[in-house]
Amino acid sequence: MKRVYTPNAKIGMRVAGDIYTESGHLIIKKGSILNGEYIETLKKYSIFDFFVYENENDHEIAQDILNSKEYYENLKSTEEFKQFKKVFVNKVEEFSVTLNDVAVKNAKINLEELIHCIDSVTEGFQQNVWLFDALHCIEGYDDMTYHHSMNVAIISRMIGKWLGYTGDELNYISVGGLLHDIGKIMMPKDIITKPSRLTPNEYAVIKSHPVFGYQILMNQDIDERIKVVAYEHHEKCNGTGYPKRKWASEIHPFSKIVAVADIYEAMTADRSYREGLCPFDVINVFMGSIEAYDPKVILCAMERIASGYVNTKVYLNNGIEATVVVINKNAPGRPMVMLEDGSVINLAETNKYVITSFK
Numbered sequence: 001m002k003r004v005y006t007p008n009a010k011i012g013m014r015v016a017g018d019i020y021t022e023s024g025h026l027i028i029k030k031g032s033i034l035n036g037e038y039i040e041t042l043k044k045y046s047i048f049d050f051f052v053y054e055n056e057n058d059h060e061i062a063q064d065i066l067n068s069k070e071y072y073e074n075l076k077s078t079e080e081f082k083q084f085k086k087v088f089v090n091k092v093e094e095f096s097v098t099l100n101d102v103a104v105k106n107a108k109i110n111l112e113e114l115i116h117c118i119d120s121v122t123e124g125f126q127q128n129v130w131l132f133d134a135l136h137c138i139e140g141y142d143d144m145t146y147h148h149s150m151n152v153a154i155i156s157r158m159i160g161k162w163l164g165y166t167g168d169e170l171n172y173i174s175v176g177g178l179l180h181d182i183g184k185i186m187m188p189k190d191i192i193t194k195p196s197r198l199t200p201n202e203y204a205v206i207k208s209h210p211v212f213g214y215q216i217l218m219n220q221d222i223d224e225r226i227k228v229v230a231y232e233h234h235e236k237c238n239g240t241g242y243p244k245r246k247w248a249s250e251i252h253p254f255s256k257i258v259a260v261a262d263i264y265e266a267m268t269a270d271r272s273y274r275e276g277l278c279p280f281d282v283i284n285v286f287m288g289s290i291e292a293y294d295p296k297v298i299l300c301a302m303e304r305i306a307s308g309y310v311n312t313k314v315y316l317n318n319g320i321e322a323t324v325v326v327i328n329k330n331a332p333g334r335p336m337v338m339l340e341d342g343s344v345i346n347l348a349e350t351n352k353y354v355i356t357s358f359k
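Next up, the structure:
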């Protein structure tokens, strides 16, 4: 079997496992043959990827996962990462206390403290995709809310910089990312920490967290745009998001940035019920569902992320080793790659090959 990301789903593919929505609702059964209606269902429920049968065994999928694990294990062995992790863990622990005090005790937010918290995590470290990969390698948290929030703050800050934001606006984007999930503090902990997919009822509870988040922040003496991010970060530009199903023109630009950072972090992160996706997989998912997000944010962020992997060794879906050499601006998830024999394949010009993992 092989992994397929939804934009590349084709009529006639046979599904190799049950497909569930984020809320745990079964929408396509194992063994089903994809038709046009099924493909629209995958898009409707924002299913990022799934497995289909092909004339190969399961070894290829397992090998992809092992290859990426080796890439990240090498990163974790570096002194730079060890120092980064030490700072990160310390600041997340501080932030978790602050967040609980704000949500539960109605403590006042010290904006300067939060800005310093984010800056101190990244200061002195590489300001590129190394940071994204380093965030992926931090593990060991039972409650992912604080860990995820710090990751989203850092990724939001990077995207904001790439888009040209500076000064107070960049700080508000960062803090918006840090506080975007504050409403989850009010959610039942057994749902937040559940190690498997949520039931429809549990998902309905989780979907209320943007409203709770805004209520927690509404009386705080902080910029209104930070509060709006907490409320809007699950809205989508095509009107399919929540809580208000807003359209692009109704969503604040800061919310659009944090929304992309939130989804990128969630898709690349390992979960108890699935491995995180390869960044190139995630880039292709975003490019295939660009109508749900701000195109300016997507095109800028995905190109910059992909560009950070130039000269990185990867594996293609046929098991061949290659090196990323040129990023295609309009298809950043499908770059030009050089094989070991010196030949070059432009992945944007063929559907036969995709990048499946890092070497």
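Our numbering puts the first residue of the sequence shown at 1, with every later residue one more than the last.
For every residue, glycine included, the Cβ atom is placed at its ideal position computed from N, Cα and C.
Review point. Any heavy atom of the ligand FMN closer than 7 Å to the CB of residue 290?
Key: You won't find the ligand FMN in this model; it holds no ligand whatsoever.
Point to revise | Beta-ladder partner(s) of residue 238, from DSSP | key: 247
Practice item. Go to residue 195, then tell me how far its alpha helix (DSSP H) extends in each direction, as first and last residue. Key: Segment: none, residue 195 is in no alpha helix (DSSP H) and carries neither H nor E.
Practice item. Whole angstroms is fine: what's the gap from residue 14's alpha carbon to residue 195's? Key: 28 Å
Review point. Who are the near neighbours of residue 43 in its chain, counting only those whose CB is closer than 8 Å to its CB and skipping five residues on each side?
Key: 6, 289
Check your understanding: In its own chain, which residues sit with a C-beta less than 7 Å from the C-beta of residue 161, not counting the 5 before and 5 after it?
Key -> 170
Practice item. Quickly, what does DSSP pair residue 338 with across the bridge? List them, please. Key: 323, 344
**Study point:** residue 338 versus residue 358 - alpha carbon distance
**Key:** 14 Å
Point to revise | residue 263 - DSSP class collapsed to helix/strand/coil | key: helix
Check your understanding: For the alpha helix (DSSP H) that contains residue 98, what are its first and last residues?
Key -> 79-105
Review point. From residue 291 to residue 181, what does the alpha carbon distance come to, in whole angstroms?
Key: 24 Å
Review point. Between residue 245 and the rest of its own chain, which residues show a CB-CB distance below 7 Å, the 5 nearest in sequence each way excluded?
Key: 239
Check your understanding: Which term fits residue 49, buried or exposed, when burial requires 16 or more other beta carbons within 10 angstroms of its beta carbon?
Key -> buried
Practice item. Return helix, strand or coil for residue 222, following the three-state DSSP convention. Key: coil
Review point. Considering only residues of the same chain and omitting the five flanking positions on each side of residue 153, which have a CB-CB separation below 6 Å?
Key: 118, 174, 177, 178
Review point. Once you ignore the five residues that flank residue 66 on each side, which residues in its own chain have a CB closer than 7 Å to its CB?
Key: In this predicted model, residue 66 has a pLDDT of only 46, less than 50, meaning its place in the structure is not dependable; the value taken from the coordinates is given anyway. Cβ neighbours of residue 66 beyond the five flanking positions: none.
Exercise for review: Please report the residue range of the alpha helix (DSSP H) in which residue 15 lies.
Suggested key: Premise fails: residue 15 is in no alpha helix (DSSP H) and is neither H nor E.
**Study point:** residue 115 (DSSP reduced to helix, strand or coil)
**Key:** helix
Check your understanding: With a cut-off of 8 Å, do at least 3 Cβ pairs link the segment 124-137 to the segment 303-321?
Key -> yes
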